[in-house]
Amino acid sequence: MGGFRSRSESARANRSNAQKKNPTPAPRRPARSVDPVRELCLDVLGEVHGQGAYGNLVLPGALRAASISGRDAAFATELTYGCLRATGQLDAVIEMAAGRPIGAIDPPVLDALRLGTYQILHTRVEPHAAVDTTVELVRHRGFSSAAGFANGVLRTITRTPAQEWLRRIAPGTSIGDVALRSAHPRWIADAINNALLEPGADTDTTISPELAEALAANNRRPAVHLAARPGAISQEELALVTGGETGAYSPYAVYLPSGDPGDLDAIRQGLASVQDEGSQLVALALCRAPLGRVDRGRWLDLCSGPGGKTAFLAAWGQGAETSQRVRVDAIEVTPHRADLVEKATRGLPVRVHTGDGRDLRAISSLDMPAGYDRVLVDAPCTGLGALRRRPEARWRKSPEDVAELVALQRELLAAGLAAAAPGGVVVYSTCSPHLAETREVAHAVARSEGAEILDASAILPEVPRGAVGPFIQLWPHRHSTDAMFIAALRKPGDSGGPEASA
């Protein structure tokens, strides 16, 4: 047969040669449009990872500027916050699928891969849609040469179920593996585990049976909690006018099922505020703590910004049985946050002072009494108890932050006790369960200052499963609150006889 061609084969060959000489232009594929919602998410991720911005501050403004609302806004919120919460976990999957270190991937491409990977692993978005929209984003951002790489990585991820990916990156039962499967740094999982264990347990070898549940709770968006202003509206009335549900622990808490609390008349009229139930319990503990003296109505909030607890104290104090009308001095070191305290306490007997709570005598505007009856020290902390509210926070913090904060916390608590009158009470709180910031600070300062540690669970008997010795530790997975720590201390001495009922 050699080189023989049939007539039909020769005709086809001639046509093919003619087409090569005079090719017909192929129809140009129209440029695929980039999904504006996903593009906005990528913009926010870039600001957070590249510029150190905060997702919960940037995203709402970006949505308004782009006129994105309703279901699209909800989708953008889920993608953005989800990617920020799960950054370390997503990076581990991407690194394994890509076969190269995360640091070798251009940051904008990496953020796009995180966005696509999150959709594949954690949402009901069709995998092909997650891949295609991500590749288009990469191409649209000027990384056409990386589009094939992104396509290959994401298609590799789609070929394996999500649970199998989590097993691959964290195959064991160690705290490190539990942490990565739950999208937490190891050191934070260690801190939470240690706080969950009973006092005296071996923290090096024991894993709390609640650890996985506690970490999972940090990945769920919190419900909106309202605080009825004491003396202005009751919990039941607030629940009725807002369509909410009365809280489980604070007699002022209302859970809002949905909607923007800023649209509520009760908020606009100053009858209520947005405040986590755990924060309400902190303020309530100070109001209820038994004094060793007559309450003269001189109260102090040593670290008052942004002012929610200060407002609660001042409002509650108006109905308290004190020898004189309650007045609250509020100290805030940051001028901007001091302005927030002014706004939150407008119309209440509160005087706001800008200064360092560790040195009250240096605050010229403060007319210090002989001693305060009640002092709140809601100290700056790592914020490990509010990780569900700040999605990127867990990946920005480091163990080195703790030591510096502990030194500050001890100084503030000691200053609070120094400012209290003999027989006065100080409530120390943090939005962190880390033992170094909580029990260890309270015990150390109580010893050095000779203060009595009161039974916090007797002050707040409505809180179940919160007592840790004389302290209270709240948990998102147990109480649906932030992980607030509460300690109540009483300064030694007695000045003024028995406490008035307050």
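For the sequence shown, this note's numbering assigns the number 2 to the initial residue and increments by one for each residue that follows.
Note that CB positions come from ideal geometry on N, CA and C, so glycine has one too.
The structure presented is a predicted model; accordingly, all values stated were derived computationally and were not measured.
Range of the contiguous alpha helix (DSSP H) that encloses residue 425
Mapped onto the sequence shown, residue 425 falls at position 424. Secondary structure note for residue 425: it is in no alpha helix (DSSP H), and the uninterrupted beta strand (DSSP E) holding it is 421-431.
In whole angstroms, what is the alpha-carbon distance linking residue 132 and residue 169?
Translated into the one-based positions of the sequence shown, residue 132 becomes position 131. Translated into the one-based positions of the sequence shown, residue 169 becomes position 168. The alpha-carbon of residue 132 is positioned some 21 Å away from that of residue 169.
Can you tell me the Cα-Cα spacing of residue 74 and residue 38, whole angstroms?
As a first step, residue 74 is located in the sequence shown; it is residue number 73 there, counting from the start. As a first step, residue 38 is located in the sequence shown; it is residue number 37 there, counting from the start. If you draw a straight line from the Cα of residue 74 to the Cα of residue 38, it is about 8 Å long.
Report buried or exposed for residue 368, applying the criterion of at least 16 other Cβ atoms within 10 angstroms of its Cβ.
Numbered from its first residue, the sequence shown carries residue 368 at position 367. Here residue 368 is exposed: its Cβ has fewer than 16 other Cβ atoms, across all protein chains shown, within 10 Å.
Can you list, in chain order, the stretches of the beta strand (DSSP E) that have 3 or more residues and sit fully within the stretch 251-339?
DSSP runs (the beta strand (DSSP E)) wholly in the stretch 251-339: 254-257, 273-275, 299-302 and 328-333.
When the Cα atoms are used, what is the spatial distance from residue 484 to residue 184?
Taking the sequence shown and counting its residues from 1, the one referred to as residue 484 is at position 483. Taking the sequence shown and counting its residues from 1, the one referred to as residue 184 is at position 183. Approximately 18 Å between the Cα atoms of the pair.
DSSP beta-bridge partners for residue 375?
On the sequence shown, residue 375 is found 374 positions in, with the first residue counted as 1. Answer by DSSP bridge pairing, in chain order: 300 and 426.
Considering only the alpha carbon of each residue, which of 481, 261 and 415 lies closest to residue 70?
For this step, residue 70 is matched to residue 69 along the sequence shown. The shortest C-alpha separation from residue 70 is found at 261.
Counting Cβ pairs, one atom from each stretch, are 3 or more of them under 8 Å apart for the stretch 343-354 and the stretch 404-417?
With the cut-off at 8 Å, the stretch 343-354 and the stretch 404-417 do not touch.
Find out if the Cβ-Cβ distance for the pair residue 299, residue 328 is shorter than 8 Å.
Mapped onto the sequence shown, residue 299 falls at position 298. Mapped onto the sequence shown, residue 328 falls at position 327. Yes, they are a contact pair.
Three-state secondary structure (DSSP) at residue 478?
The residue labelled residue 478 in the question sits at position 477 within the sequence shown. Looking at residue 478 - three-state DSSP - the assignment turns out to be helix.
Spell out the partners DSSP gives residue 227 in its beta bridges.
Indexing the sequence shown from 1 puts residue 227 at position 226. DSSP, once it has assigned bridges, lists 255 and 275 as partnering residue 227.
Go to residue 199, then tell me how far its beta strand (DSSP E) extends in each direction, as first and last residue.
For the purposes of this step, residue 199 is taken as the residue at position 198 of the sequence shown. First-last for residue 199: undefined, no H or E at that position.
Using three-state DSSP, classify residue 354 as helix, strand or coil.
Stepping through the sequence shown from its first residue, residue 354 is reached at position 353. In the structure shown, residue 354 sits in a strand (DSSP, three-state: E or B).
Just how far apart, CA to CA, sit residue 110 and residue 144?
Within the sequence shown, the letter at position 109 stands for residue 110. Within the sequence shown, the letter at position 143 stands for residue 144. If you take the alpha carbons of residue 110 and residue 144, they lie about 8 Å apart.
Kindly list the residues whose CB is nearer than 6 Å to the CB of residue 142, restricted to its own chain and excluding five residues on each side of it in sequence; keep chain order.
Within the sequence shown, numbered from 1, the residue matching residue 142 stands at position 141. Closer than 6 Å at the Cβ level, and outside the excluded window around residue 142, lie 109.
Determine the extent of the beta strand (DSSP E) in which residue 489 is found, giving its start and end residues.
Mapped onto the sequence shown, residue 489 falls at position 488. First-last of the beta strand (DSSP E) with residue 489: 486-491.
Which of helix, strand or coil DSSP assigns to residue 111:
Taking the first residue of the sequence shown as position 1, residue 111 is located at position 110. Correct three-state label for residue 111: helix.
According to DSSP, is residue 247 helix, strand or coil?
Counting from 1 along the sequence shown, the entry for residue 247 is found at position 246. Here residue 247 sits in strand by DSSP.
Strand pairing of residue 472, partner residues [DSSP]
Indexing the sequence shown from 1 puts residue 472 at position 471. DSSP, once it has assigned bridges, lists 469 as partnering residue 472.
In this structure, how does DSSP classify residue 30 when only helix, strand and coil are distinguished?
Sequence index remark: in the sequence shown, residue 30 carries index 29 (1-based). With a pLDDT of 44 at residue 30, under the threshold of 50, the predicted position of this residue should be treated as unreliable, though the coordinate-derived value follows. When DSSP states are grouped into helix, strand and coil, residue 30 belongs to the coil group.
What separation, rounded to the nearest whole angstrom, lies between the Cα atoms of residue 361 and residue 454?
Position 360 of the sequence shown, counting from 1, holds the residue named residue 361. Position 453 of the sequence shown, counting from 1, holds the residue named residue 454. Rounded to whole angstroms, residue 361 to residue 454 spans 24 Å at the Cα level.
Rounded to whole angstroms, what's the CA-CA distance from residue 304 to residue 428? Just pull it up for me.
Along the sequence shown, read from residue 1 onward, the residue named residue 304 stands at position 303. Along the sequence shown, read from residue 1 onward, the residue named residue 428 stands at position 427. Near 12 Å, if we compare the C-alpha coordinates of residue 428 and residue 304.
Out of curiosity, what's the CA-to-CA distance linking residue 173 and residue 164?
In the sequence shown, the residue the question calls residue 173 occupies position 172. In the sequence shown, the residue the question calls residue 164 occupies position 163. For the pair residue 173 and residue 164, the Cα-to-Cα distance works out to about 13 Å.
Quick one: grab the DSSP three-state call for residue 461.
Counted from its first residue, the sequence shown places residue 461 at position 460. DSSP places residue 461 outside both helix and strand once states are collapsed to three, so it counts as coil.
When the Cα atoms are used, what is the spatial distance from residue 119 to residue 447?
Here residue 119 refers to the residue found at position 118 when the sequence shown is read from its first residue. Here residue 447 refers to the residue found at position 446 when the sequence shown is read from its first residue. Going from the Cα of residue 119 to the Cα of residue 447 covers about 47 Å.
Use the C-beta contact count for residue 372: other C-beta atoms within 10 angstroms, 16 or more gives buried, fewer gives exposed.
On the sequence shown, residue 372 is found 371 positions in, with the first residue counted as 1. By the 10 Å Cβ count, residue 372 comes out buried.
Residues near residue 450 by beta carbon distance below 7 Å, same chain, minus five either side
As a working note, residue 450 is residue 449 in the sequence shown. Cβ neighbours of residue 450 beyond the five flanking positions: 415 and 418.
Smallest Cα separation from residue 216: which of 179, 128 and 47?
The sequence position of residue 216 within the sequence shown is 215, counting from 1. Here the closest residue by C-alpha is 179.
Assuming contact is defined by CB atoms lying nearer than 8 Å, are residue 376 and residue 410 in contact in what I supplied?
The count along the sequence shown starts at 1 and reaches residue 376 at position 375. The count along the sequence shown starts at 1 and reaches residue 410 at position 409. Contact flag unset, no.
In whole angstroms, what separates the C-alpha of residue 42 from that of residue 477?
In the sequence shown, residue 42 corresponds to position 41, counting from 1. In the sequence shown, residue 477 corresponds to position 476, counting from 1. Linking residue 42 to residue 477 through their CA atoms gives a straight-line distance of about 27 Å.
Enumerate in chain order the residues of its own chain whose CB-to-CB distance from residue 421 is below 7 Å, with the five nearest sequence positions on each side excluded.
As a first step, residue 421 is located in the sequence shown; it is residue number 420 there, counting from the start. Same-chain partners within the cutoff: 372, 373, 376, 427 and 492.
Residues in its own chain within less than 7 Å of residue 384 by CB, not counting five upstream and five downstream?
As a first step, residue 384 is located in the sequence shown; it is residue number 383 there, counting from the start. Only residues of its own chain outside the window of five on either side were considered, and among them 391, 394, 432 and 433 have a CB closer than 7 Å to the CB of residue 384, listed in chain order.
Taking the CB atoms as reference points, tell me whether residue 1 and residue 487 lie closer together than 8 Å.
No answer is possible for residue 1: the residues shown for the chain start at 2 and end at 503.
By DSSP's criteria, residue 453 is part of a beta bridge. Which residues make up the other side?
Here residue 453 refers to the residue found at position 452 of the sequence shown. Residue 453 is bridged to 491.
Taking DSSP as the reference, what is the three-state secondary structure of residue 84?
Taking the first residue of the sequence shown as position 1, residue 84 is located at position 83. Note: residue 84 maps to helix in three-state DSSP.
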